[in-house]
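Heads up: the sequence shown begins at 0 in numbering that gives the first Met the number 0, then just goes up one per residue.
Backbone N, C-alpha and C fix where the C-beta goes; we use that ideal spot for every residue, glycine too.
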Amino acid sequence: MTGTPTGPQLATRVVSRNPSDPGDVVADVASTGIWRTVEAADRARDAHRAWYAGGAAARSAALTSAAHAVEQAAAELADLAVREVGKPLSEARAEVARTVAILRYYSQLPYDATGSVHEPAGGTGFLLTRRRPRGVAGLITPWNFPYAIPVWKAAPALAAGNSVVLKPAPEATACALRLAELLQQTLPDGVFTVIPGGAPEGNALVSAVDAVSFTGSTVTGSAVVRTATARGIPVQAEMGGLNAALVLPDADPARAAADIAAAIAGYAGQKCTATSRVVAVGPALGPLRDALADALRAIPAADPAQPATVCGPLISEQARRKVLDAACDVPLLAGGKPAEGPGWYTAPTLAEQVPSGHQLLREEVFGPIAVLLHAADLDQAVRMTNAVPYGLVTSVHTGDLDAALHGLDGLDTGMVRLNAPSTGVDFHLPFGGTKSSSHGPREQGRSALDFYTSSRTYSLHRATMSAT
Ligand code: NAD
Numbered sequence: 000m001t002g003t004p005t006g007p008q009l010a011t012r013v014v015s016r017n018p019s020d021p022g023d024v025v026a027d028v029a030s031t032g033i034w035r036t037v038e039a040a041d042r043a044r045d046a047h048r049a050w051y052a053g054g055a056a057a058r059s060a061a062l063t064s065a066a067h068a069v070e071q072a073a074a075e076l077a078d079l080a081v082r083e084v085g086k087p088l089s090e091a092r093a094e095v096a097r098t099v100a101i102l103r104y105y106s107q108l109p110y111d112a113t114g115s116v117h118e119p120a121g122g123t124g125f126l127l128t129r130r131r132p133r134g135v136a137g138l139i140t141p142w143n144f145p146y147a148i149p150v151w152k153a154a155p156a157l158a159a160g161n162s163v164v165l166k167p168a169p170e171a172t173a174c175a176l177r178l179a180e181l182l183q184q185t186l187p188d189g190v191f192t193v194i195p196g197g198a199p200e201g202n203a204l205v206s207a208v209d210a211v212s213f214t215g216s217t218v219t220g221s222a223v224v225r226t227a228t229a230r231g232i233p234v235q236a237e238m239g240g241l242n243a244a245l246v247l248p249d250a251d252p253a254r255a256a257a258d259i260a261a262a263i264a265g266y267a268g269q270k271c272t273a274t275s276r277v278v279a280v281g282p283a284l285g286p287l288r289d290a291l292a293d294a295l296r297a298i299p300a301a302d303p304a305q306p307a308t309v310c311g312p313l314i315s316e317q318a319r320r321k322v323l324d325a326a327c328d329v330p331l332l333a334g335g336k337p338a339e340g341p342g343w344y345t346a347p348t349l350a351e352q353v354p355s356g357h358q359l360l361r362e363e364v365f366g367p368i369a370v371l372l373h374a375a376d377l378d379q380a381v382r383m384t385n386a387v388p389y390g391l392v393t394s395v396h397t398g399d400l401d402a403a404l405h406g407l408d409g410l411d412t413g414m415v416r417l418n419a420p421s422t423g424v425d426f427h428l429p430f431g432g433t434k435s436s437s438h439g440p441r442e443q444g445r446s447a448l449d450f451y452t453s454s455r456t457y458s459l460h461r462a463t464m465s466a467t
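This is how it looks when you write it as structure tokens:
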């Protein structure tokens, strides 16, 4: 991305480029700036009061209509994600479908119970709890899921009666602005606002809202958490991963390799849930090594607009360079080379015999690259899996249910997927990890509503003296 704002007072531009064809400028808009960010939050606070007072039926109907509007524009939205963030067409279509499903799911939640009734410890009357919206939710999002992540944050916030101000990643500006046009057709003014910009706008937003939900890198997320915590407002942050796939000796090597290759190379590895480390246990190593190298060599880095493409370009030249640099000093079983052409492509890459302490075993590279490791037994595999600062998701490949349920109890990741790629999660269950991968309450499902509301306790007593 070029044109990142260089200072809060400057009239700078937000520019996004097509990763397959960097000469193609997709968005070129003025960045919002600090003062207009604060103004947007103030307007959203006024809008929130009327939105909440309008009642559950109005919120449910608006979210239902929003789902319909997104569904009607599905093909156009998918094409825009292909062009702006290089998402392969089949994945872009699936993301839009998921966005519609998320809006439909949360459209039912305004009718849910918001509290409970209790007996007092002594005397008459009764006690109530009631969850109420926080006010303005500030959402700061990455570029890699340009529709689903903004909506899986916005939909529960709106369902609960909050208004939302979204600061999208600069690289996904056009996707966010188009999404806003569609949602604003069905939502009252000021309830859902997008503010194009970069770090200055993100920082200003954290200083102006009532709750912050962040997704992005661990470095940025940690800074956002510190600022929000200093203000005393609730904050949740979903951040990076360095996820492992564990392959047990009984696993079918071809089946495990197919799932793991998809999790390494799908969308060029640009998912927080992508697989970066593959741990083969005992005799699984030999057959898996060959099958996985073959599976990755069979996935070319290709034009994301083609329906069969699995691995498209990286988001930027800097991102591609990071993958190539990480692979330059280790033995490779596949990949390691930039692909031909003007786009930011690189071939899916598998490294082995990587020395301990190497960057690939410590840091999220965020590209189509993984390392193959060997563990003598399951206990060592679990220790190796846990030996990183992240804890998002682990995939386990085995037909041995006892090993899967008991031997892997020591895994410290927030999610475990059995006989499936590490990527791909259901939106109606809690999503999140441990350690540097996540901070605060879980996103998605009904648990998201807890973050966007706070509980008030009411003690109700008779107004007049009475015998009963
Ligand atoms: P990023 O951290 O560079 O940016 C994320 C957002 O933060 C962007 O909107 C950016 O403009 C904004 N930002 C930057 N500096 C800021 C500041 N000082 N204050 C406030 N906001 C600021 O991340 P990215 O490159 O857009 O996304 C890739 C990262 O996101 C990867 O690390 C990936 O693992 C992570 N990710 C995590 C999840 C998850 O759910 N755990 C999901 C998707 C992506």
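| Asked | Found |
| --- | --- |
| Segment contact, 8 Å Cβ cut-off, at least three pairs: the stretch 269-288 with the stretch 239-257 | yes |
| Heavy atom of the ligand NAD within 6 Å of residue 223 beta-carbon | yes |
| Cβ-heavy atom distance, residue 216 to the ligand NAD, below 6 Å | yes |
| Proximity test, residue 149 beta-carbon vs the ligand NAD heavy atom, cut-off 6 Å | no |
| Nearest-angstrom beta carbon gap, residue 175 and residue 167 [assumed within contact, 8 Å] | 4 Å |
| Where the beta strand (DSSP E) containing residue 396 begins and where it ends | 392-396 |
| Residue 482: CB within 6 Å of a non-hydrogen atom of the ligand NAD | Absent from the structure is residue 482, since the part of the chain shown begins at 0 and ends at 467. |
| Close Cβ partners of residue 412 (< 7 Å) along its chain, the five nearest in sequence each way excluded | 390, 391, 392, 393, 432, 433 |
| Where the beta strand (DSSP E) containing residue 127 begins and where it ends | 125-132 |
| Beta-bridge pairing of residue 139 - partner residues as DSSP gives them | 166, 213 |
| Check: residue 142 C-beta below 6 Å from any heavy atom of the ligand NAD | yes |
| CA nearest to the CA of residue 337, picked from 293, 319, 117, 229 | 319 |
| Length at least 4, wholly inside the stretch 319-403: the alpha helix (DSSP H) runs in chain order | 377-385 |
| Cβ-heavy atom distance, residue 198 to the ligand NAD, below 6 Å | yes |
| The stretch 215-222 / the stretch 257-268 touching (three or more Cβ pairs under 8 Å) | no |
| Euclidean distance between Cα positions of residue 461 and residue 135 | 35 Å |
| Spatial distance of residue 292 from residue 284 (CA atoms) | 12 Å |
| Residue 486 versus residue 304 - alpha carbon distance | Beyond the ends of the chain as shown, which are 0 and 467, falls residue 486; an answer cannot be given. |
| Cβ pair residue 127, residue 114 closer than 7 Å | yes |
| The stretch 97-106 / the stretch 63-74 touching (three or more Cβ pairs under 8 Å) | yes |
| Inter-residue CB distance, residue 350 and residue 326 (contact presumed, cutoff 8 Å) | 6 Å |
| Residue 23, DSSP secondary structure in three states | strand |
| For residue 271, three-class secondary structure by DSSP | coil |
| CB contact flag (residue 452, residue 159, <7 Å) | yes |
| Cutoff 7 Å; reference residue 262; Cβ partners in own chain excluding five residues on either side | 244, 273, 274, 394, 420, 421, 422 |
| Distance, residue 380 Cα to residue 360 Cα | 14 Å |
| Beta-carbon gap between residue 396 and residue 246 smaller than 7 Å | yes |
| Boundaries (first-last residue) of the alpha helix (DSSP H) holding residue 47 | 33-52 |
| Nonlocal neighbours in the same chain, by C-beta distance under 7 Å from residue 302, ignoring five residues either side | 19, 308 |
| Near the ligand NAD: residue 85 beta-carbon under 6 Å from a heavy atom | no |
| Beta-bridge partners of residue 457, as assigned by DSSP | 127 |
| Contact test: residue 101 Cβ vs the ligand NAD heavy atom, cutoff 6 Å | no |
| Identity of the residues DSSP links to residue 310 by a beta bridge | 300 |
| Proximity test, residue 174 beta-carbon vs the ligand NAD heavy atom, cut-off 6 Å | no |
| For residue 15, the first and last residue of its enclosing beta strand (DSSP E) | 12-17 |
| Beta-carbon gap between residue 248 and residue 195 smaller than 7 Å | no |
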